[in-house]
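S.K.: Dropping a structure here in structure tokens format, bear with me for questions.
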Amino acid sequence: MLDREGFRPNVGIVLLNHRNQVFWGKRIRTHSWQFPQGGINYGETPEQAMYRELHEEVGLNPEHVRIVARTRDWLRYEVPQNFIRRDARGHYRGQKQIWFLLQLIGRDCDMNLRATDHPEFDAWRWNEYWIPLDVVIEFKRDVYQMALTELARFLPRNAQHNRYLRSGMRTHHRDDAPRQNGRAEAPALNGKPRLDAPAGPPPTVVVPPSVVAQDAAVAGPRR
């Protein structure tokens with residue numbers, strides 16, 4: 001479903017944990033990391049599409065999250081021609097998105113990347129709020145900048161890492177290792193895994209490679 005200008009209606013999701021870190025998912029069988037996003041089906045509202053995509057891609061239900069804010073207007077980005085299927089060229093230009101800021105009120109273990117038969121991600125991790133701007137594919141960067149900037153003023157102010165957000169600094173550390181298929185890797189206690197162990201000093205994040213030929217934004221099924 002495209003509008004008259006060739007943009008597909010879409011939703012983007014910024015999911016926060018209690019530290020104001022954001023969910024960052026790795027596209028299945030690629031080295032591409034991104035926020036959850038997906039198209040709005042005919043007859044859906046943006047909010048309905050957001051909850052559907054949240055379950056399909058992350059495995060969360062409405063009771064697991066709270067809507068904190070959403071962008072006021074559509075944010076658009078164009079997709080380069082070499083990322084568009086040949087049969088869609090000339091009609092499809094890119095995505096127009098409404099972005100939602102969600103607070104996770106459930107637990108990490110509520111996430112399930114295999115909630116459907118067509119998973120989008122095969123690993124995930126928590127990142128500091130601004131890090132996605134440094135690692136997202138270039139043609140999405142302006143939209144990420146606009147969405148994160150607009151939504152940042154709604155961030156909870158009692159989170160541990162808000163000093164970075166208030167000062168405008170970006171930190172390149174993270175507290176959690178990537179989760180494979182939605183399961184967290186926990187620190188060990190006496191040589192045995194311990195799921196409730198507190199995280200140690202955050203390691204430096206390894207910035208993933210740039211997106212290669214496939215990207216979630218291209219004109220293709222579901223995305």
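According to full-length UniProt numbering, the sequence shown is numbered sequentially starting from 1. Ideal placement from N, C-alpha and C gives every residue a C-beta, glycine not left out. Since we're looking at a predicted model, the values are computed, not measured.
Could you pull out every residue in the same chain whose Cβ sits closer than 6 Å to the Cβ of His64, ignoring the five residues on either side in sequence?
M.R.: Looking up residue 64 in the sequence shown gives position 64. Around His64: Gly106, Asp110.
S.K.: Taking C-alpha atoms, which residue in Gly25, Asp3, Pro46 lies nearest to Ile67?
M.R.: Counting from one through the sequence shown, the residue named residue 67 turns up at place 67. Ranking Gly25, Asp3, Pro46 by Cα distance to Ile67 puts Pro46 first.
S.K.: What's the call for Arg153, buried or exposed, on a 16-neighbour Cβ count within 10 Å?
M.R.: Here residue 153 corresponds to residue number 153 of the sequence shown, with the count starting at 1. Arg153 is exposed by the Cβ-count criterion.
S.K.: How is Val143 classed by DSSP in three states: helix, strand or coil?
M.R.: Residue 143 sits at position 143 when you count from the first residue of the sequence shown. It is helical.
S.K.: With distances taken Cα to Cα, identify the nearest neighbour of Leu102 among Leu148, Phe7, Asp3, Asn41.
M.R.: Within the sequence shown, the letter at position 102 stands for residue 102. The candidate whose alpha carbon is nearest that of Leu102 is Leu148.
S.K.: With a 10 Å radius around its C-beta and 16 neighbouring C-beta atoms as the bar for buried, classify Asn20 as buried or exposed.
M.R.: Looking up residue 20 in the sequence shown gives position 20. Flag for Asn20 reads buried.
S.K.: DSSP on Ala69, reduced to helix/strand/coil?
M.R.: In the sequence shown, counting from the first residue as 1, residue 69 sits at position 69. Of the three classes helix, strand and coil, the one that applies to Ala69 here is strand, per DSSP.
S.K.: Tell me whether the beta-carbon of Leu113 lies closer than 7 Å to the beta-carbon of Phe121.
M.R.: Translated into the one-based positions of the sequence shown, residue 113 becomes position 113. Translated into the one-based positions of the sequence shown, residue 121 becomes position 121. Cβ distance < 7 Å, so Leu113 and Phe121 count as in contact.
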